[in-house]
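Single-structure report; data block below.
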Amino acid sequence: MSKAQHHSNSAARAAADKLLAEAAHLQAIEDNPLTAEEIAMFEMFEREGWSPERRRAHILRRIEDRGRVAAAE
13 MSKAQHHSNS
23 AARAAADKLL
33 AEAAHLQAIE
43 DNPLTAEEIA
53 MFEMFEREGW
63 SPERRRAHIL
73 RRIEDRGRVA
83 AAE
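Per the numbering used here, the sequence shown starts with residue 13, numbered consecutively.
This is the structure:
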């Protein structure tokens, strides 16, 4: 990897980290802080380069799964 590519990747990672921190802060303000599991999920999205569409589908599937579990209880 060239120095330019490494710098670009580092800058993109820093921007993603900042956005996640801001999102977590907003969730906390709303009295709905992100869980460690949710933070790990968003970090995985960045690390693995998931597209926004794939991320949304994954999150919606998680919500649906939780709804099924709650209805079964």
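Beta carbons are placed, not taken as given, at the ideal position from N, Cα and C, and that holds for glycine.
Under the three-state reduction of DSSP, N44 is assigned to coil, being neither helix nor strand. E65 and R74 have their C-alpha atoms some 14 angstroms from each other. Judged by their CB atoms, A28 and I51 are not nearer to each other than the 8 angstroms cut-off.
Secondary structure of S63 (DSSP, three-state): coil. With a contact defined as Cβ atoms closer than 8 angstroms, Q39 and L31 miss out at about 13 angstroms.
The C-alpha of E34 lies about 16 angstroms from the C-alpha of M53.
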